[in-house]
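Residue numbering for the sequence shown follows the UniProt record's numbering, starting at 1 and increasing by one per position.
First up is the structure itself, then whatever we jot down about it.
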Amino acid sequence: MESCNCIEPQWPPDDLLMKYQYISDFFIALAYFSIPLELIYFVKKSAVFPYRWVLVQFGAFIVLCGATHLINLWTFTVHSRTVASVMTTAKVLTAAVSCITALMLVHIIPDLLSVKTRELFLKNKAAELDREMGLIRTQEETGRHVRMLTHEIRSTLDRHTILKTTLVELGRTLALEECALWMPTRTGLELQLSYTLRQQNPVGYTVPIHHPVINQVFSSNRAVKISPNCPVARLRPAGKYMPGEVVAVRVPLLHLSNFHINDWPELSTKRYALMVLMLPSDSARQWHVHELELVEVVADQVAVALSHAAILEESMRARDLLMEQNVALDLARREAETAIRARNDFLAVMNHEMRTPMHAIIALSSLLQETELTPEQRLMVETILKSSNLLATLINDVLDLSGLEDGSLQLDLGTFNLYAVFREVLNLIKPIASVKKLHVSLTLAPDLPEYAIGDEKRLMQTILNIVGNAVKFSKEGSISITAFVAKLDTLRDSKAPEFLPVLSDNHFYLRVQVKDSGSGINPLDIPKLFTKFAQNQSTGTRNSGGSGLGLAICKRFVNLMEGHIWIESEGLGKGCTAILIVKLGMAERVNESKLPYMPKMPTNHGQTAIAGLKVLVMDENGVSRMVTKGLLLHLGCDVTMVGSSDECLRLVSHEHKVVFMDICVPGIDSYGITIRIHEKFTKRHERPLLVALTGNTDKVKKENCMRAGMDGLILKPVSLDKMRSVLTDLLEHRVFFEAI
């Protein structure tokens with residue numbers, strides 16, 4: 001009997017299914033109850049009302065679902081009506097909560113969609129921000145390279161170093177295979193290869209500047225990609241399989257219309273150089289935007305650096321030229337100063353040396369004139385005296401003109417008697433005019449001040465020269481001298497618009513008019529009269545004599561006195577009028593003793609006082625000593641002659657009333673002798689009067705004499721009448737300083 005061993009299941013199939021449902025419901029309930037714990041966390045974190053309410057509803061729905069599955073565990077066995085009621089209630093609540101939650105989702109889904117849209121927008125913005133940050137980082141990197149390149153480029157102002165440094169730094173920063181710079185030639189019609197990165201001595205290739213590719217680059221201010229086969233890009237060695245990309249950029253050159261750089265072209269219009277940059281061959285690398293921007297910025301920086309270098313080169317060249325000119329000017333100035341000093345020294349020496357023989361000629365001629373002479377001999381002596389005086393006047397004129405031209409002559413301002421000046425001029429000119437039978441009249445306006453402040457000597461010299469010319473060029477008729485204070489309407493001269501007088505309370509303008517009935521002047525010749533060494537060549541005056549310096553010197557004196565001088569004449573044979581205007585200061589009336597003393601005409605009573613006067617003469621020059629002695633002896637003086645300072649100091653005594661000393665003797669300190677004589681005679685009335693004899697018209701000599709304590713100064717040459725007048729004034733006033 002065949003047996004069948006069958007294992008019967010422990011649980012029946014329906015019970016097994018129920019068992020699986022029971023276990024599943026348990027775990028479902030457990031899972032449902034764990035979910036609200038998470039929802040509670042989100043509810044606490046949520047701050048928006050609709051979302052928190054939905055979470056609460058969803059939590060309730062989950063709890064009810066879990067409760068339903070949990071209660072369902074008791075329905076697998078026989079259960080009471082209470083369990084069925086609870087189960088029914090849980091399912092009803094679960095259905096109600098799920099419906100409410102579904103209704104709420106209808107309102108929340110659009111919000112959830114907008115949130116999704118915003119999320120996508122924010123993601124796009126984040127991506128865009130990432131790109132911008134990348135650009136910023138790229139720009140920062142580019143800026144760092146630009147600053148580095150700019151620093152390297154501007155570390156020198158030598159244009160060759162600037163260009164070479166630019167190529168080297170660009171090649172290193174951008175990893176270039178080659179970099180080249182093409183400069184315009186002097187003609188401006190071609191570009192010449194001037195600098196390269198790899199070639200030490202680039203060959204001077206040239207390319208026409210009007211090439212289409214070059215025109216394309218020059219017409220844009222951006223870096224332009226060009227063909228590797230372009231003439232300006234054929235710089236790589238042969239044998240390369242795939243050439244890299246090439247860009248070119250223009251480099252503006254400085255506008256050079258105002259100055260010229262040695263080996264650069266003359267640029268009158270805007271011109272450019274060309275910079276070519278090549279990426280490595282056999283490479284897939286391409287030019288990026290930030291690299292092109294870097295190239296453009298560097299090109300601009302190179303242009304700025306080149307302009308600074310060009311300006312510096314020209315400045316250095318101008319400085320060197322200026323230094324050379326300054327050296328030349330300084331050398332010329334020193335040479336001019338040396339020449340002026342040499343001229344002044346020469347004039348000073350010649351002045352003394354010429355006046356010494358003139359002193360002898362005039363003195364001896366005046367002594368000879370006092371002797372018994374035949375009419376013919378007297379005429380000869382008078383001619384000698386006249387010629388000697390003319391030569392002395394010429395010497396004075398040359399010295400005055402020299403001082404006026406080099407600016408060394410200054411006005412000697414002081415208070416003086418204006419009326420006395422005109423009277424002195426009249427007294428000096430009348431003897432000459434009487435010989436020619438000319439009538440000379442002087443008219444002084446009532447409003448003319450008696451005293452004025454100015455240079456008395458120069459004013460008298462100017463007036464005397466003008467009146468002397470009137471006498472010299474007049475053969476007959478009369479000469480009138482008129483002086484008055486010029487009003488504003490009489491100050492202006494239409495022919496001299498540059499003369500602009502200014503009236504004030506402390507000054508006045510003296511107007512002097514000298515009118516003669518002489519030979520007259522051709523109006524065309526008037527402008528030449530005030531030119532030195534120029535003479536009027538009119539028929540009536542050709543043989544009148546003169547050096548042509550008088551009016552030229554007068555004009556310069558008048559200019560120093562802030563005045564103006566001119567001559568008016570209607571033509572030959574109609575006479576002329578000389579007019580001068582000078583500026584003088586107003587002065588109060590002062591005592592006569594305070595005014596500079598002027599030599600007076602010789603008087604007869606002085607001759608008695610001079611006779612027997614003991615005089616000591618110190619002069620190293622034997623001829624001059626003999627001449628001075630002759631003048632003094634003729635005047636009746638007791639004369640003692642010495643030739644050295646020691647001998648003078650040894651022989652001088654209280655018996656000597658006057659001591660004449662030549663102060664221009666080399667090797668003799670006349671000022672020191674004066675001081676020692678003062679020390680020797682402590683009482684002034686016992687000391688002789690100390691008088692300097694000099695042929696030097698330097699004003700410093702006069703000041704030194706007064707400072708040393710001398711009582712007088714006489715200019716050579718000295719005539720007999722002048723010596724008589726000097727001694728008379730010395731004995732009367734105990735002082736006499738001839739005007740210099």
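Quick reminder that beta carbons are idealized off the backbone N, C-alpha and C, glycines included.
Query                                                                                                                                                                                     : Result
With DSSP as the reference, label F416 as helix, strand or coil.                                                                                                                          : strand
Given a cut-off of 7 Å on the beta-carbon distance, is the pair A433 and V425 in contact?                                                                                                 : no
Quick one, which of L633, L181, E372 has its alpha-carbon nearest P252's?                                                                                                                 : L181
Could you check what DSSP says for F58 in three-state terms: helix, strand or coil?                                                                                                       : helix
By DSSP, does H288 sit in helix, in strand, or in coil?                                                                                                                                   : coil
For the beta strand (DSSP E) that contains D638, what are its first and last residues?                                                                                                    : 638 to 642
Below 8 Å, how does it come out for the segment 561 to 581 and the segment 506 to 521: are there three or more Cβ pairs, yes or no?                                                       : yes
Should G134 go down as buried or exposed, given a rule of 16 or more other Cβ atoms within 10 Å for buried?                                                                               : exposed
Assuming contact is defined by CB atoms lying nearer than 7 Å, are T415 and I361 in contact in what I supplied?                                                                           : no
Mapping the DSSP letters down to three states, classify M275 as helix, strand or coil.                                                                                                    : strand
Can you tell me whether G636 is buried or exposed, with buried defined as 16 or more other CB within 10 angstroms of its CB?                                                              : exposed
Grab the span of the beta strand (DSSP E) containing V485 for me, first residue to last.                                                                                                  : 478 to 485
According to the Cβ coordinates, are A692 and M641 closer than 7 Å?                                                                                                                       : no
For H564 and E370, I'd like the C-alpha separation in whole angstroms.                                                                                                                    : 44 Å
Which same chain residues, not among the five before or five after I481, have their C-beta less than 6 Å away from its C-beta?                                                            : L442, V514
Could you tell me the alpha carbon to alpha carbon distance between M316 and L715, rounded to whole angstroms?                                                                            : 58 Å
Compute the distance between the beta-carbons of P208 and R271, then report whether it is under 7 Å.                                                                                      : no
Identify, in the order they occur along the chain, each residue of the same chain with its Cβ nearer than 7 Å to the Cβ of I675, setting aside the five sequence neighbours on each side. : A708, G709
Do A223 and V249 have their C-beta atoms within less than 7 Å of each other?                                                                                                              : yes
Using 7 Å as the threshold, is the C-beta distance between N465 and G550 below it?                                                                                                        : yes
Please list, in chain order, all residues of the same chain as K430 whose beta carbon is under 8 Å from its beta carbon, the five residues on each side excluded.                         : V440
Kindly identify the DSSP beta-bridge partner or partners of K583.                                                                                                                         : Y509
Let's test the definition: count the other Cβ atoms within 10 Å of the Cβ of P243 and tell me whether it reaches 16, buried, or not, exposed.                                             : buried
What does a CB cutoff of less than 7 Å around T531 pick up in its chain, not counting 5 residues either side in sequence?                                                                 : A552
Around the Cβ of T187, are there at least 16 other Cβ atoms within 10 angstroms (buried) or fewer (exposed)?                                                                              : exposed
With distance defined between alpha-carbon atoms, name the residue in L391, V735, D711 nearest to M358.                                                                                   : L391
Tell me the DSSP secondary structure of M183 in three-state form.                                                                                                                         : strand
In whole angstroms, give me the CA-to-CA distance for E588 and R458.                                                                                                                      : 21 Å
Keeping to the same chain, check which residues put their C-beta closer than 8 Å to that of T206; ignore five residues upstream and five downstream.                                      : T185, E190, L191, Q192, L193
Provide the residue span of the beta strand (DSSP E) that contains S194, from first to last.                                                                                              : 190 to 196
Do you know how far the Cα of A95 is from the Cα of A67?                                                                                                                                  : 13 Å
Does DSSP classify E686 as helix, strand or coil?                                                                                                                                         : helix
Would you give the residue range spanned by the beta strand (DSSP E) that F557 belongs to?                                                                                                : Here F557 belongs to no beta strand (DSSP E); instead the alpha helix (DSSP H) covers 550 to 560.
Who are the Cβ neighbours of K594 in its own chain at under 8 Å, not counting the five residues just before and after it?                                                                 : Confidence in K594 is poor, its pLDDT being 40 and thus under 50, which makes the residue's placement unreliable; the coordinate value appears in the next sentence. So the list reads T415, once near-sequence residues are dropped.
Assuming L279 and E177 are in contact, meaning their beta carbons sit under 8 Å apart, how far apart are those beta carbons, in whole angstroms?                                          : 6 Å
Name the residue from L167, N344, F557, R333 whose alpha carbon lies nearest to the alpha carbon of R198.                                                                                 : L167
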